[in-house]
Amino acid sequence: MQTDLSNFIHTIRGEMLTIYSEQDLIAAMRGAAEKDTDMKDYYWRSWYFARKRFTKEDQLLAMYLYDTKDHLISSYRYNSVTYPKDIYKAEYDDNSERVYDYVHGKRTDLMISGYHNSAAKKDIVRFVLKLHNYDADRNALGYLVCDINSAALTSIMAKYVDVEQVCLWLQPLNDRVIAMTGEASESQCRIQKQLAKVVQSHYKSGELEQEYDGNYLIQVSQENYNLEAFVLVSQSLLTATQKTLIRTLLIIMGAMILAIMVIVLFVSQWMTKPVEEMSSTITRIKDGETQLRVQPVGWSQELTTLGTEFNEMLDRMQVMAQEELQHKMLVERTEYKMLQAQINPHFLYNTLDTMSGIANAQNCPMVSGMCHSLSAIFRYSLNMTDELSTVQNEMAHVRNYLYVMDVRNGSTIAYDYQIDSDTLADQMPRICIQPVVENALTHGLRNVRRKDKKLLIRSEHVNENLVITVQDNGAGMDAESMNRLLDQNDMKRVESGISIGILNVNARLKRLFGEKYGLHIESTAGEGTTVTITVPAVSTENSGDMENV
Numbered sequence: 001m002q003t004d005l006s007n008f009i010h011t012i013r014g015e016m017l018t019i020y021s022e023q024d025l026i027a028a029m030r031g032a033a034e035k036d037t038d039m040k041d042y043y044w045r046s047w048y049f050a051r052k053r054f055t056k057e058d059q060l061l062a063m064y065l066y067d068t069k070d071h072l073i074s075s076y077r078y079n080s081v082t083y084p085k086d087i088y089k090a091e092y093d094d095n096s097e098r099v100y101d102y103v104h105g106k107r108t109d110l111m112i113s114g115y116h117n118s119a120a121k122k123d124i125v126r127f128v129l130k131l132h133n134y135d136a137d138r139n140a141l142g143y144l145v146c147d148i149n150s151a152a153l154t155s156i157m158a159k160y161v162d163v164e165q166v167c168l169w170l171q172p173l174n175d176r177v178i179a180m181t182g183e184a185s186e187s188q189c190r191i192q193k194q195l196a197k198v199v200q201s202h203y204k205s206g207e208l209e210q211e212y213d214g215n216y217l218i219q220v221s222q223e224n225y226n227l228e229a230f231v232l233v234s235q236s237l238l239t240a241t242q243k244t245l246i247r248t249l250l251i252i253m254g255a256m257i258l259a260i261m262v263i264v265l266f267v268s269q270w271m272t273k274p275v276e277e278m279s280s281t282i283t284r285i286k287d288g289e290t291q292l293r294v295q296p297v298g299w300s301q302e303l304t305t306l307g308t309e310f311n312e313m314l315d316r317m318q319v320m321a322q323e324e325l326q327h328k329m330l331v332e333r334t335e336y337k338m339l340q341a342q343i344n345p346h347f348l349y350n351t352l353d354t355m356s357g358i359a360n361a362q363n364c365p366m367v368s369g370m371c372h373s374l375s376a377i378f379r380y381s382l383n384m385t386d387e388l389s390t391v392q393n394e395m396a397h398v399r400n401y402l403y404v405m406d407v408r409n410g411s412t413i414a415y416d417y418q419i420d421s422d423t424l425a426d427q428m429p430r431i432c433i434q435p436v437v438e439n440a441l442t443h444g445l446r447n448v449r450r451k452d453k454k455l456l457i458r459s460e461h462v463n464e465n466l467v468i469t470v471q472d473n474g475a476g477m478d479a480e481s482m483n484r485l486l487d488q489n490d491m492k493r494v495e496s497g498i499s500i501g502i503l504n505v506n507a508r509l510k511r512l513f514g515e516k517y518g519l520h521i522e523s524t525a526g527e528g529t530t531v532t533i534t535v536p537a538v539s540t541e542n543s544g545d546m547e548n549v
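Per the UniProt record's numbering, residue 1 is the first one in the sequence shown, and the count goes up by one each step.
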């Protein structure tokens, strides 16, 4: 109610202020304030202004515009018979004295007062607004008086009073009642009249008591206007209303608690369902259904990220398991092939040793040396006792191989060995250098003139790694494509036997030491090819088990 009343009063005040938009009228009033000016031409302006600015809901009954000397400039009357032409010339008490005191006093706020129009038999609410110049001096121009039917306020108040034994009224401080509603009892009417007289006399807001003969008084001030709202309520009604309110609050509280419980249950299920589904899926995966994946959904980004990362982890584990299986199968096949190759190797060793002895007896050192080198090659290649060997043993194996190739090809290649002595005891897998050297002889130097063929073998330490380089001056090759095959490390291609030497060595090195180790090829067309073998530099302390070949 307080808000509705305040809005209504604010609306009336705003409509009264629109008189400043009548610029010619305001200019004339400004001139009249400075010197005597005839304002007869503006007598009907209030009639036009009332029709244009005020609505039917405002229930405007009369309007009067005065200058600073209390001379009437213009007026509007809803009924010219029942409303005075000039408030200062009315035949009955229309509260004009209060208007005069306000206009010539120091108050600048909107005046709200009231009177009873005996001719119209209506209670009138009177609004008075002082008009000023909008300049630094704020000189007075006059004032505007609007009489509103109190029924407009009573209709607003009646919306909030729907029970008996309640009396509600509006009353400006030290003024008469301007609006009243409610079905009050006789005792309440008596108390209300007494209280209204107190407020009309020299009363200050908040001075009234709260209890009167079984009735409770509530008073609320309109902060922006000199107006008080009073409610006189039977205490029995308040008690009944309080009980009803308590029951209603308990019902509402119970309903809210039930609703909160339902919401909490729903939210709890909504929050825990993704976790439960994820847990169930993980359990099934643990039981062997490794093809399953969790649904990366949930109420938080963290839960979604967890599901996504878990699926990626499963994918990586599956790939690693497949790679491990491929490595295992490769090892098994290799071991099987080696076992086949080891069938009765001693017969071959003895035969070659016998041939070497016969050739030596027949004064054929070349044949004797060739048989000796072949025997050493076979012994080193078929010895599977230790997976790792040393750089020294590897180079001995390479020299035996190159001796056989020299006998075969007639010593057409110039060899350059740059073996760092610090690397001789370093460990590396068996038969890693010889396949690379063989590849250089077979492919790299194949089309080079016999007298121009060169082969460099170097070993050194670089950044805690053992680096072995095999370099030829051949025609070169497509290094980019070959490096791509080395990086892919396709086990099926290795097992197929295609480029078995290079790819097999690379696969074994990566399997033993990791993906960052292995072979790398650099080649320039017409200048040659360089194959680099990189493994961790690990030296053996006991070199007594090195093979003397």
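All residues carry an ideal CB built from backbone N, CA and C; glycine is no exception.
Length of the line joining the Cα atoms of residue i and residue j
{"i": "Leu-456", "j": "Ser-381", "result": "23 Å"}
{"i": "Glu-464", "j": "Glu-277", "result": "49 Å"}
{"i": "Thr-248", "j": "Ile-257", "result": "14 Å"}
{"i": "Thr-3", "j": "Glu-228", "result": "13 Å"}
{"i": "Lys-451", "j": "Arg-458", "result": "22 Å"}
{"i": "Arg-30", "j": "Val-231", "result": "44 Å"}
{"i": "Lys-86", "j": "Ser-201", "result": "At residue 86 the sequence reads Asp, which differs from the Lys that was named. Rounded to whole angstroms, Asp-86 to Ser-201 spans 27 Å at the Cα level."}
{"i": "Val-549", "j": "Gln-392", "result": "Caution applies to Val-549, whose pLDDT of 35 falls short of 50 and renders its modelled position unreliable; the model cannot decide the point."}
{"i": "Val-505", "j": "Thr-534", "result": "11 Å"}
{"i": "Met-261", "j": "Gly-254", "result": "10 Å"}
{"i": "Leu-60", "j": "Asp-147", "result": "6 Å"}
{"i": "Val-538", "j": "Asn-383", "result": "21 Å"}
{"i": "Met-546", "j": "Val-398", "result": "Legend: pLDDT at Met-546 = 38, less than 50; position of this residue unreliable, no value from coordinates given."}
{"i": "Tyr-48", "j": "Val-99", "result": "24 Å"}
{"i": "Leu-217", "j": "Gln-210", "result": "5 Å"}
{"i": "His-461", "j": "Asp-422", "result": "8 Å"}
{"i": "Gln-418", "j": "Met-395", "result": "11 Å"}
{"i": "Val-125", "j": "Ile-26", "result": "25 Å"}
{"i": "Cys-189", "j": "His-71", "result": "41 Å"}
{"i": "Ile-358", "j": "Ser-368", "result": "8 Å"}
Cβ-based burial, residue i [other Cβ within 10 Å; buried from 16]
{"i": "Pro-365", "result": "exposed"}
{"i": "Arg-284", "result": "exposed"}
{"i": "Phe-54", "result": "buried"}
{"i": "Leu-141", "result": "buried"}
{"i": "Phe-127", "result": "buried"}
{"i": "Asp-175", "result": "buried"}
{"i": "Trp-44", "result": "exposed"}
{"i": "residue 620", "result": "The structure shown has nothing for residue 620, since the chain only spans 1 to 549."}
{"i": "Asn-149", "result": "buried"}
{"i": "Gly-214", "result": "exposed"}
{"i": "Thr-184", "result": "A small correction: the amino acid at residue 184 is Ala; Thr does not occupy that position in the sequence shown. Burial call: buried."}
{"i": "Asn-117", "result": "buried"}
{"i": "Asp-41", "result": "exposed"}
{"i": "Trp-169", "result": "buried"}
{"i": "Asn-439", "result": "buried"}
{"i": "Ile-521", "result": "buried"}
{"i": "Gln-23", "result": "exposed"}
{"i": "His-372", "result": "buried"}
{"i": "Met-317", "result": "exposed"}
Opposing strand residues paired with residue i [DSSP bridges]
{"i": "Tyr-66", "result": "Leu-72, Tyr-143"}
{"i": "Thr-532", "result": "Thr-469, His-520"}
{"i": "Leu-168", "result": "Thr-181, Val-231"}
{"i": "Met-428", "result": "Ser-389"}
{"i": "Arg-77", "result": "Ala-62"}
{"i": "Asn-149", "result": "Ile-124"}
{"i": "Ser-539", "result": "Asp-426"}
Bounding residues of the alpha helix (DSSP H) (the contiguous stretch that carries residue i)
{"i": "His-397", "result": "391–409"}
{"i": "Phe-8", "result": "2–17"}
{"i": "Lys-197", "result": "186–200"}
{"i": "Met-370", "result": "365–382"}
{"i": "Met-482", "result": "479–488"}
{"i": "Asp-97", "result": "For the record, residue 97 in the displayed sequence is Glu; it is not Asp. Where Glu-97 is concerned, the enclosing alpha helix (DSSP H) stretches over 96–103."}
{"i": "Asn-439", "result": "433–439"}
N- and C-terminal bounds of the beta strand (DSSP E) containing residue i
{"i": "Met-111", "result": "111–117"}
{"i": "Met-180", "result": "179–181"}
{"i": "Tyr-48", "result": "Segment 45–53 is the alpha helix (DSSP H) holding Tyr-48; no beta strand (DSSP E) there."}
{"i": "Tyr-216", "result": "215–222"}
{"i": "Gln-418", "result": "414–419"}
{"i": "His-132", "result": "122–132"}
{"i": "Arg-458", "result": "454–462"}
TODO: With a floor of 3 residues, list each beta strand (DSSP E) that falls wholly inside the segment 231–303, ordered by position along the chain.
DONE: Taken in chain order, the complete beta strand (DSSP E) segments of 3 or more residues contained in the segment 231–303 number zero; there are none.
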